[in-house]
Amino acid sequence: MSSIDRNSPVPIYHQLKTLIQEQIENGVWQPGDRIPTEQELCQLYGISRSPVRQALKELAYEGILCRRPGLGTFVEGNVARKPASDTPIQMISSDPYWSKVLELVTRAWNAEHPNLRITFQIDVVSHNQLYQLLSTAVGNGTAPDVAMVDSVWMAGLAQSGFLYALDDEELGSRWSYTEFVKGLYPSFVEANSFDGKLYGLPVKADASLLWYRKDWFAREGLTPPQDWDQLITVATHFLQPDVQARYGLSYPLAFPGGTAGGEASVYNLMPFIWSAGGEIFDPQTGAVVLDSPATKSALRFVRGMVTRYHVSPPEVINYEWDTSPRLLAAGEVAMALGGSYESDLILDASGWSGEEFARRVGCVPPPAAPGKHRVSTVGGTSYAILRQCPGPELVMDVLRVAIRPEVVGELYCSMLKTLPSHSFDAFLDSETEPLLKQTSRMIASGRARPSIPEYVKVSRQLQAMLEAVISNDAPVNEIVQRTAEFIGVITERPCWPT
């Protein structure tokens, strides 16, 4: 890269960041050198000051640059130049925390393959923009080698022809595809497959759950709820005036409940429908069967949490994906429907240590319909290799290292992350990693959302349905029927009321 491409899907600040890194790696700017000022960089590349500041901020945070007030910005003295022989692997991701994992994978690979060294070049973008940015890059012929994507997007990307199937012969004979599939939990094979082929390499697993303030529950003599009735009983306990005053609560329970929450709304509330016996599609025929008594029963309960029992605020329809865990971290709610992937967010937002987090916060599967079984939504992030990748066999070999528990296991545990495999579950110690062991069990028995190319559009309909159920007085029957009909049109499937 030698200039800023305003037509690129890659954000301008990321392009500038890459340009500065290349100048340092090529020796144009040596350790100790002062680089151009913000104004000079703006003039040099014809861009505004905002992306310049963001690029310099990230490079300073990563230890590549040092900003000295009144003097300028300098190349750090201990920045090592990458060997010219390093093979770059370009990746797009929405996870700002994942660079430490890839740095560990890079060290492990390079130690084992000193004559075939690699380095990851990562573009971190907004989760809500990743799908569109990736699609645009493929269309422009500038796709990265690898994308870290939400598993619910895998079928759509695969149908578009963007990805290698993991059993493709171009990924090499050293890749033991059959053994790998056997080692995965079945729900993750389903979630990352399209038309009978696996396209995603699951690298981060999560399960929907109910976070609760374990310390408050102990003080109140309460146990975490297992079904809807117990959920209301516990929540209304926290609505008692003296209990509300003790903890400074307005409402005891938070969850994302509409289009503002995006996919998180579906992820967190589908367990209510599944537990009641509802489905989106019939498992045998594929027909749309959302319009069922079970779905309506679940949605009436969701509506009731806001309008009848008043254990959650009407504003849940405006909650974004991270609002609920932040409220829990701030001590503003006693419970939050969320996902195991939120643990690092709660840690960051609360300022608690790992030990304090374990003492204050607990989690259980989402409460079930009375007399039914609890079920979690499972999902996560997967590596996908793009067909524009010039060296897919090498990339596949490197990614195999990235899913080995003996390589990444300890770091995953420190980050409270889980691999969806039997080998990682065996790696965990229930005494030292109780939270991970518990979420691993939820993941092993959880349910994946439908793996269909139209899922993104289906999800938008489900989000709108949930928001309508909570925010207006229209009969639940009408809302569900309308949503089922829309999904039938989108997916070109028959719609059967049950």
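Mapping of the sequence shown onto the working numbering: residues 1061 to 1558, in sequence order.
Using N, Cα and C, we set each Cβ at its ideal position, and we do this for glycine too.
Which of helix, strand or coil does DSSP assign to residue i?
i     : result
A1144 : Here the model assigns A1144 a pLDDT of 46, short of 50, so the residue's position is not dependable and the matter cannot be decided.
R1553 : coil
D1485 : helix
Q1018 : Since the displayed the chain opens at 1061 and closes at 1558, residue 1018 lies outside it and no answer follows.
C1423 : strand
G1132 : strand
A1347 : coil
L1269 : strand
R1113 : helix
T1478 : strand
K1432 : coil
V1529 : helix
L1454 : helix
I1080 : helix
A1462 : coil
F1277 : helix
V1294 : helix
F1315 : coil
A1324 : helix
R1509 : coil
T1558 : coil
R1066 : coil
S1519 : helix
V1540 : helix
D1289 : helix
S1335 : helix
Q1150 : strand
Mark residue i as exposed unless 16 or more other C-beta atoms lie within 10 angstroms of its C-beta, in which case mark it buried.
i     : result
E1493 : buried
L1261 : buried
R1128 : exposed
H1433 : exposed
K1264 : buried
T1044 : What the structure shows of the chain is the stretch from 1061 to 1558, and residue 1044 is not part of that stretch, so it cannot be assessed.
S1481 : buried
A1462 : buried
R1386 : buried
G1200 : At residue 1200 the sequence reads Asn, which differs from the Gly that was named. N1200 should be labelled exposed.
A1073 : Note that residue 1073 is Tyr in the sequence shown here, rather than Ala. It is buried - the Cβ of Y1073 has at least 16 other Cβ atoms within 10 Å.
G1281 : exposed
A1144 : Legend: pLDDT at A1144 = 46, less than 50; position of this residue unreliable, value from coordinates given subsequently. With fewer than 16 other Cβ atoms within 10 Å, it is exposed.
V1549 : exposed
Q1344 : exposed
D1210 : buried
Y1379 : buried
E1466 : exposed
N1532 : exposed
E1527 : buried
R1273 : buried
E1172 : exposed
Q1150 : buried
P1331 : buried
A1305 : exposed
Look at residue i and residue j and say whether their C-beta atoms are less than 9 Å apart.
i     : j     : result
V1371 : P1312 : yes
L1309 : V1393 : yes
Q1091 : G1132 : The amino acid at residue 1091 is misidentified as Gln; the sequence shows Pro. In this structure, G1132 does not lie closer than 9 Å to P1091 by Cβ.
I1182 : L1162 : yes
V1041 : R1509 : As shown, the chain starts at 1061 and ends at 1558. That puts residue 1041 outside it, with no answer to give.
M1208 : S1474 : no
T1558 : D1351 : yes
S1384 : F1315 : yes
L1076 : V1135 : no
V1212 : S1505 : no
L1495 : S1403 : yes
C1102 : R1109 : yes
V1362 : P1374 : no
A1197 : I1152 : yes
How about residue i: is its Cβ closer than 8 Å to a heavy atom in the ligand MG?
i     : result
E1527 : Looking for the ligand MG in the displayed structure turns up nothing, as the structure carries no ligands at all.
Which residues bound the alpha helix (DSSP H) around residue i?
i     : result
Y1307 : P1301 to Y1307
C1473 : P1465 to S1474
S1159 : S1159 to E1172
P1494 : P1494 to S1505
F1105 : The displayed chain sequence assigns Tyr, not Phe, to residue 1105. It spans E1098 to Y1105 - the alpha helix (DSSP H) in which Y1105 sits, taken as one unbroken run.
Would you kindly report the start and end of the unbroken beta strand (DSSP E) that includes residue i?
i     : result
C1126 : L1125 to R1128
S1442 : T1437 to I1445
Problem - Every unbroken beta strand (DSSP E) inside the segment 1185–1261 [3 residues or more] - result: 1206–1210
Exercise for the section: Taking only runs that begin and end inside the segment 1357–1415, name each unbroken beta strand (DSSP E) of 3 or more residues, in chain order. Expected result: You should have 1395–1399.
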